[in-house]
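In our numbering, the protein residues as written are 151 to 567.
C-beta: ideal position from N, C-alpha, C; glycine also.
The model shown is predicted, which means the values in this text are computed figures rather than measured ones.
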Amino acid sequence: MTIAPDFNSTVDPAKLEKLAEVAVKVGLNLQKDQELVMTAPLAAMPLVRLITKHAYMAGASLVSTFYSDEETTLSRYRHAPDASFDRAAGWLYDGMAKAYASGAARLAIAGDNPMLLSGQDPAKVARANKANSIAYKPALEHISNFDINWNICSYPNPSWATLVFPGLPVDEAVRRLADAIFAASRVDRDDPVAAWAEHNAELHKRSTWLNGERFAALHFTGPGTDLTVGLADGHEWHGGASVAKNGVTCNPNIPTEEVFTTPHALKVEGHVSSTKPLSHQGTLIDEIQVRFEGGRVVEAKASKGEEVLLKVLDTDEGARRLGEVALVPHSSPISASGILFYNTLFDENASCHIALGQCYSKCFLDGASLTQDQIAAQGGNSSLIHIDWMIGSDKVDIDGVRIDGSRVPVMRRGEWA
151 MTIAPDFNST
161 VDPAKLEKLA
171 EVAVKVGLNL
181 QKDQELVMTA
191 PLAAMPLVRL
201 ITKHAYMAGA
211 SLVSTFYSDE
221 ETTLSRYRHA
231 PDASFDRAAG
241 WLYDGMAKAY
251 ASGAARLAIA
261 GDNPMLLSGQ
271 DPAKVARANK
281 ANSIAYKPAL
291 EHISNFDINW
301 NICSYPNPSW
311 ATLVFPGLPV
321 DEAVRRLADA
331 IFAASRVDRD
341 DPVAAWAEHN
351 AELHKRSTWL
361 NGERFAALHF
371 TGPGTDLTVG
381 LADGHEWHGG
391 ASVAKNGVTC
401 NPNIPTEEVF
411 TTPHALKVEG
421 HVSSTKPLSH
431 QGTLIDEIQV
441 RFEGGRVVEA
451 KASKGEEVLL
461 KVLDTDEGAR
471 RLGEVALVPH
481 SSPISASGIL
491 FYNTLFDENA
501 SCHIALGQCY
511 SKCFLDGASL
521 TQDQIAAQGG
531 NSSLIHIDWM
541 IGSDKVDIDG
551 VRIDGSRVPV
561 MRRGEWA
């Protein structure tokens with residue numbers, strides 16, 4: 151019998167403990183007697199166990215974890231009948247939606263190989279993704295509407311680590327990715343909780359300035375980019391810790407370097423080019439170029455993964471419109487690391503980005519009290535997808551455009567003006 155090597159021994163246990171503590175105390179701000187629903191790859195078991203411990207120490211009433219496994223995922227594509235790819239576990243997502251409606255918090259640990267499905271039939275991948283998106287929507291709405299406190303953090307799965315550091319032995323790749331995750335997540339500091347408080351204050355300063363300006367649009371210019379992103383009526387900028395509708399202040403993404411808001415779904419014009427590859431469901435989509443008219447993508451191409459990109463755009467009507475625009479300085483720690491993580495949670499925090507699909511209702515003034523029809527009337531987009539891709543660099547300038555047409559420099563050469 152072959153025994154798999156234990157790559158977990160290369161992950162610094164003290165920093166992993168700090169990551170678990172930050173996920174519970176800063177990411178979730180888990181409350182006494184609150185339930186927690188967690189999802190994770192099997193490889194992340196060491197972090198799952200630590201988060202579970204810290205959750206119960208914080209007073210959680212119940213922690214329920216659902217695991218994914220790369221080999222069982224691949225078995226479906228290798229052996230399942232064709233009809234399988236139009237099905238999803240709706241019963242599971244209905245249960246999650248019920249848990250969130252009853253006040254449970256949500257935590258996801260990312261770490262699966264981003265290119266796991268790269269060798270599988272793109273049509274089957276697209277069908278499975280669509281079926282899953284439809285089934286997941288009742289649960290996702292509690293997250294995108296910010297009804298609950300939720301968080302995403304990451305663990306250095308060996309299959310992900312060897313993708314990011316392909317020239318290294320597996321144990322060294324895991325160690326390097328772990329160190330990069332710890333640094334980006336600010337758990338390499340003496341007091342990570344205090345470091346997050348300082349970082350949140352800086353992000354709040356940026357979002358407060360943007361909210362005070364009340365720009366009607368943002369204008370991006372750079373190589374292959376001349377894009378005007380109209381902002382939704384009554385939009386509100388957010389960054390760092392925010393208050394969910396249940397009254398709990400949480401940091402949904404660890405790490406995060408962005409301030410973000412909701413574009414107007416009908417007021418995006420011009421063309422834009424991606425500045426970093428997008429890893430989406432096992433496919434690397436690179437050198438994306440799209441053109442918008444009246445808020446809608448009317449032309450799209452990519453040097454790699456174009457077929458998958460076009461299938462994504464055809465998911466539903468809202469998939470061709472924007473649900474988010476986010477500003478990140480080019481000098482952010484993740485950008486400065488020079489690492490391409492193939493994981494949107496990290497790569498989006500290295501660059502300004504936009505997202506196709508669903509908007510966040512919290513990015514509206516008094517968003518908690520708005521109905522879906524009111525959000526749509528103010529320009530908010532609705533879709534089964536929300537896919538971020540990167541459009542910022544040290545060659546991109548951004549102006550804020552006021553309602554009278556006057557302009558204010560927001561970023562110059564990728565840095566705050």
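The continuous beta strand (DSSP E) containing residue 442 extends over residues 439-443.
Assigned with DSSP and collapsed to three states, residue 362 falls in helix. Straight across, the Cα-Cα distance linking residue 551 with residue 473 is about 19 Å. A direct Cα-Cα distance of roughly 12 Å separates residue 281 from residue 243.
Of the candidates 527, 566, 555, the residue whose Cα lies closest to the Cα of residue 543 is 566. If you check the CB distance, residue 411 and residue 513 come in under 8 Å. Following the DSSP letters along the chain, one finds residue 515 in no alpha helix (DSSP H), marked with neither H nor E.
Assigned with DSSP and collapsed to three states, residue 551 falls in strand. The DSSP-derived three-state label of residue 207 is helix. Taken through DSSP and simplified to helix, strand or coil, residue 227 comes out as helix. In this structure, DSSP gives residue 265 a state outside helix and strand, which the three-state scheme calls coil. Distance check between residue 214 and each of 189, 435, 536, 559 places 189 closest, using alpha-carbon atoms only. Three or more Cβ pairs drawn from the segment 431-439 and the segment 264-274 lie within less than 8 Å of each other, which places the two stretches in contact. Note on residue 306: 16 or more other CB atoms within 10 angstroms of its CB, so buried under the neighbour-count rule. If only complete runs of 3 or more residues are kept, the segment 393-470 shows the beta strand (DSSP E) at 409-411, 413-423, 428-430, 433-435, 439-443, 446-451, in order along the chain. Residue state for residue 386 is assigned as coil, using DSSP reduced to three classes. According to the DSSP assignment, residue 533 belongs to no beta strand (DSSP E), since it is labelled neither H nor E. Partner residues in the beta bridge of residue 259, as assigned by DSSP, are 303. Annotation for residue 218: no alpha helix (DSSP H) segment contains it, though the beta strand (DSSP E) segment containing it runs 212-218. For residue 542, the secondary structure class from DSSP, reduced to helix, strand or coil, is coil. Shown here for residue 511: same chain residues with a beta carbon closer than 6 Å to its own, the five before and five after excluded, namely 295, 517, 525 in chain order. Looking from the CA of residue 400, the closest CA among 531, 263, 177 belongs to 177.
DSSP places residue 292 inside the alpha helix (DSSP H), whose first and last residues are 272-294. When C-alpha distances from residue 471 are compared across 459, 491, 505, the shortest belongs to 505. Contact check for residue 331 against residue 357 fails: the beta carbons are separated by 8 Å or more. Using a Cβ distance threshold of 8 Å, residue 464 and residue 420 do not count as a contacting pair. Here residue 276 has 461 as same chain residues with Cβ atoms under 6 Å from its own Cβ, once five neighbours each way along the sequence are excluded.
With contacts defined by Cβ atoms closer than 8 Å, residue 182 and residue 343 do not form a contacting pair.
Taking a cut-off of 8 Å on C-beta distances, the segment 485-504 touches the segment 255-264, as three or more cross pairs fall below it. Using a 10 angstroms sphere on the CB of residue 381, the tally of other CB atoms reaches 16 or more, which defines it as buried.
A residue is called buried when at least 16 other Cβ atoms come within 10 angstroms of its Cβ; residue 482 meets this threshold and is buried. Taken atom to atom, the span from the alpha-carbon of residue 323 to that of residue 396 is near 40 Å. For residue 494, the enclosing alpha helix (DSSP H) stretches over residues 494-497. Burial check for residue 300: the Cβ neighbour count within 10 Å reaches 16 or more, so the residue is buried.
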